[in-house]
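Report on one structure; see the data block that follows.
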Amino acid sequence: MKISQIEAWVLEVADRVVRGHPVEDARVELKRAWVDPDKAARAIAGHANSSFGEPVLWVVGLDESEGAIGVKPEDLSDWWAQVKSCFSELAPDVTPLTVPCRDVVLTALLFDTSRAPFIVKNPVFGRREGGPVQLEVPWRESTAVRSARRADLLRVLVPAQSLPDVEVLAGYAAATNQFSGGKYEREWEVRILVYLVPRSEHRLTIPFHRCRVRMTADPEFPNSELGRLSIG
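Each residue of the sequence shown is one higher than the one before, counting from 842 in this note's numbering.
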């Protein structure tokens, strides 16, 4: 993902938070400040393991209730070094980015999850009453983190086909009002030009029989589903 795309993603999330809208994306995590390294490593591993190869975005300095607070980006290097030490063998690759937003600076962390599963160390292993478990494979479920089950690990280890990158190049929409049967009916024509980039060497297939297009033009016509789809 390009730096400009990461920044645009962060600003889109920040705008939603400032407007009081929920962040409806399971791949995004907001933190008002730097988290304790042990807890952060477990949360990052759980988030990465359950994302099935899709990138995960953490935004530090952004809080759903308080909005854009900001954070000191110079704290990142020491914090990430401590977080990485909590992983066993391998931690996700991370792309850090400072993003100016509403007179403060946010720190975005884009995690590459393609090398899952990720394993973390038990921070109390070897201590008195620390228990016999030395390592854990965390798993994120909703907003909580638990230990992965066998079924979860199978879903990670069995290769899954990744969705392609989609770039919208152009779009066109037009509405026509027609008088029929004593009332007006609105007919829409929508054209979208997209560029698809496969994320693997496998053949890209578009299941046209499953394609649906829904749009919201205004409150009078909510969630209209379009018919007569074609690909050309």
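We treat Cβ as the ideally placed atom computed from N, Cα and C, and that holds for glycine.
Here the structure is a predicted model, which means the values were calculated and not measured.
With distances taken Cα to Cα, identify the nearest neighbour of L898 among W850, D944 and R1040.
Position 57 of the sequence shown holds residue 898. Residue W850 is the option with its Cα nearest to L898.
By the three-class DSSP mapping on this structure, what secondary structure does A1014 have?
In the sequence shown, residue 1014 corresponds to position 173, counting from 1. If DSSP states are grouped into helix, strand and coil, A1014 belongs with the strands.
Counted within 10 angstroms of its Cβ, other Cβ atoms place H862 as buried (16 or more) or exposed:
Residue mapping note: residue 862 aligns to position 21 of the sequence shown, counting from 1. H862 should be labelled exposed.
Inter-residue spacing [alpha-carbon to alpha-carbon] between I1077 and D916:
There is simply no residue 1077 to check, as the chain begins at 842 and stops at 1073 in what is shown.
To the nearest angstrom, how far is it from the Cα of D1006 to the Cα of F959?
Sequence index remark: in the sequence shown, residue 1006 carries index 165 (1-based). Sequence index remark: in the sequence shown, residue 959 carries index 118 (1-based). Rounded to the nearest angstrom, the two C-alpha atoms are 24 Å apart.
At which residues does the beta strand (DSSP E) containing K1024 begin and terminate?
Here residue 1024 refers to the residue found at position 183 when the sequence shown is read from its first residue. Unbroken beta strand (DSSP E) run through K1024: K1024 to V1038.
Should E1009 go down as buried or exposed, given a rule of 16 or more other Cβ atoms within 10 Å for buried?
Numbered from its first residue, the sequence shown carries residue 1009 at position 168. Note on residue identity: the sequence assigns Val, not Glu, to residue 1009. When all chains shown are included, V1009 counts as exposed.
According to DSSP, is D879 part of a helix, a strand, or is it coil?
For this step, residue 879 is matched to residue 38 along the sequence shown. Helix at D879.
Starting from R983 and walking both ways along the beta strand (DSSP E), at which residues does that stretch end?
Here residue 983 corresponds to residue number 142 of the sequence shown, with the count starting at 1. The identity of residue 983 in the sequence shown is Ser, whereas the question assumes Arg. Where S983 is concerned, there is no enclosing beta strand (DSSP E), given that its DSSP letter is neither H nor E.
Cβ neighbour criterion (16 or more within 10 Å) applied to L931:
Position 90 of the sequence shown, counted from the first residue, corresponds to residue 931. Flag for L931 reads exposed.
For P914, does the three-state DSSP call read helix, strand or coil?
The sequence position of residue 914 within the sequence shown is 73, counting from 1. Three-state result, P914: helix.
Out of R1040, R1051, V1031 and V854, which has the shortest C-alpha to C-alpha gap to A1011?
Reading the sequence shown from its first residue, position 170 is the one you call residue 1011. Out of R1040, R1051, V1031 and V854, V1031 has the C-alpha closest to the C-alpha of A1011.
What does a CB cutoff of less than 6 Å around A1014 pick up in its chain, not counting 5 residues either side in sequence?
By one-based count along the sequence shown, residue 1014 stands at place 173. The residues are V1031.
Are the stretch 864–872 and the stretch 886–901 in contact at 8 Å, needing three or more beta carbon pairs?
yes
Determine the contact status of L938 and E1028, defining contact as a CB-CB distance below 9 Å.
For the purposes of this step, residue 938 is taken as the residue at position 97 of the sequence shown. For the purposes of this step, residue 1028 is taken as the residue at position 187 of the sequence shown. Contact flag unset, no.
Counted within 10 angstroms of its Cβ, other Cβ atoms place N890 as buried (16 or more) or exposed:
On the sequence shown, residue 890 is found 49 positions in, with the first residue counted as 1. Result: buried.
Determine which residues share a DSSP beta bridge with R1055 and list them.
Along the sequence shown, read from residue 1 onward, the residue named residue 1055 stands at position 214. Partner(s): E1066.
Just mark E987 as buried or exposed, buried being the case when its beta carbon has 16 or more other beta carbons within 10 Å.
The residue labelled residue 987 in the question sits at position 146 within the sequence shown. The amino acid occupying residue 987 in the given sequence is Arg; Glu does not appear at that position. Answer is exposed; the Cβ neighbour count stays below 16.
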